[in-house]
Amino acid sequence: MHDPLLTVDGLTTEFATTHGSIRAVEDVSFDLAPGEKLGIVGESGSGKSVTARTVMRLLDDNGRIEAGSVRLNGRELTTLSERELTGVRGTEIAMIFQDPMSSLTPVLTVGTQITETILEHQDVSKARAREQAIELLDRVRIPDPESVIDTYPHELSGGQRQRVLIAIAISCDPDVLIADEPTTAVDVTIEAQILELLEDLVEEREMSLVQITHDLGVVAETCDRVAVMYAGRIVERGDVMDVFVEPRHPYTAGLLRSTPRIADVEPALLPGNVPEPGERPGGL
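Take any residue in the sequence shown, note its place counting from 1, add 161, and you have its number in our numbering.
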């Protein structure tokens with residue numbers, strides 16, 4: 162049994178608001194082993210993306226880690242300086258965000274945005290960084306990468322922009338890749354292509370993957386283990402088949418019942434909404 166590559170223990174994240182501090186994530190814990198693929202699932206508002214951003218230390222100015230630990234390769238990330246974190250992000254842990262248009266800089270070419278990451282972390286010339294950027298664009302299956310490298314994000318399709326984000330994320334061969342709903346902005350056909358690409362890259366580069374999604378089918382097809390989040394907490398975790406075949410928590414069972422099936426079975430939709438942070442009832 163391998164020691165965990167990433168260990169999140171008791172992580173609690175708060176945001177300062179005009180109504181006081183609000184806990185968006187509370188007492189979240191999970192491990193990620195080398196080469197493992199973990200799915201984090203739940204409805205919108207359950208705390209999945211906040212958990213990912215907390216692990217990466219990419220919270221907005223009003224956010225802070227109130228408690229807990231994040232250890233990567235045995236090193237505590239919550240106490241690192243911003244300069245030290247810059248050396249970790251990209252080389253040891255990287256993240257693919259939901260919306261490529263808001264994640265990519267509109268006034269810089271695709272090539273500039275990939276090469277700046279390479280130059281930040283690798284001792285290579287600008288010419289070699291450009292060559293690597295072209296190789297990465299080719300690896301993420303973008304046609305004619307020699308031309309695409311000099312284009313701007315708005316000149317590309319949604320699927321191509323998402324592939325550029327993937328190229329940036331894997332440019333320095335991180336140990337851990339966090340994919341935060343990377344197919345939200347693309348159609349179903351492109352979604353399947355992106356998920357297949359991610360699976361190939363994770364295996365090829367021997368990365369560990371945290372797949373954040375609301376799609377249980379994606380987790381069933383691509384992940385080894387799953388953690389189910391509700392109202393800022395993990396309510397169930399385990400091997401994918403164990404959790405999906407015999408869920409122990411009522412919320413997990415409700416999510417599974419609400420999943421559309423090929424058979425002529427009408428999904429039993431979950432009533433109500435995930436409670437907002439600060440409005441959660443007792444017992445959660």
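All C-beta atoms in this analysis are idealised placements derived from N, C-alpha and C, irrespective of residue type, glycine included.
Would residue i pass as a contact of residue j if the rule is Cβ separation under 9 Å?
i: residue 213; j: residue 331; result: no
i: residue 177; j: residue 218; result: no
i: residue 201; j: residue 438; result: no
i: residue 271; j: residue 265; result: yes
i: residue 389; j: residue 395; result: yes
i: residue 167; j: residue 337; result: yes
i: residue 276; j: residue 293; result: yes
i: residue 414; j: residue 372; result: no
i: residue 249; j: residue 215; result: no
i: residue 310; j: residue 327; result: no
i: residue 229; j: residue 170; result: yes
i: residue 450; j: residue 208; result: Residue coverage of the chain in this structure runs from 162 to 445, which leaves residue 450 outside it and unanswerable.
i: residue 377; j: residue 417; result: yes
i: residue 227; j: residue 273; result: no
Around the Cβ of residue i, are there at least 16 other Cβ atoms within 10 angstroms (buried) or fewer (exposed)?
i: residue 367; result: exposed
i: residue 398; result: buried
i: residue 288; result: exposed
i: residue 404; result: buried
i: residue 322; result: buried
i: residue 406; result: exposed
i: residue 370; result: buried
i: residue 342; result: buried
i: residue 243; result: exposed
i: residue 433; result: exposed
i: residue 446; result: With the chain represented from 162 up to 445, any question about residue 446 goes unanswered, as that position is not in the structure.
i: residue 253; result: buried
i: residue 268; result: exposed
Start and end of the alpha helix (DSSP H) containing residue i?
i: residue 319; result: 319 to 331
i: residue 402; result: 401 to 406
i: residue 249; result: 243 to 249
i: residue 225; result: Counting along the chain, residue 225 falls outside any alpha helix (DSSP H), though it belongs to the beta strand (DSSP E) covering 224 to 233.
i: residue 289; result: 287 to 300
i: residue 214; result: 209 to 217
i: residue 366; result: Careful: residue 366 lies outside any alpha helix (DSSP H) and carries neither H nor E.
i: residue 386; result: Segment 386 to 391 is the beta strand (DSSP E) holding residue 386; no alpha helix (DSSP H) there.
So if DSSP puts residue i in a beta bridge, which residue, or which two residues, is it bridged to?
i: residue 265; result: DSSP lists no partner for residue 265.
i: residue 309; result: Answer by DSSP bridge pairing: none, since residue 309 is not bridged.
i: residue 349; result: Per DSSP, none; premise fails for residue 349.
i: residue 172; result: 189
i: residue 340; result: 257, 372
i: residue 418; result: Per DSSP, none; premise fails for residue 418.
Let's see if you can read the secondary structure: which residues bound the beta strand (DSSP E) around residue i?
i: residue 200; result: 198 to 202
Query raised in the report: When the Cβ atoms of the region 289 to 305 are set against those of the region 345 to 352, are three or more pairs found closer than 8 Å?
Result: Segments in contact, no.
Query raised in the report: Per the contact definition of three or more C-beta pairs closer than 8 Å, is the region 373 to 391 in contact with the region 180 to 199?
Result: Proximity of the region 180 to 199 to the region 373 to 391 meets the contact definition, three or more beta-carbon pairs being nearer than 8 Å.
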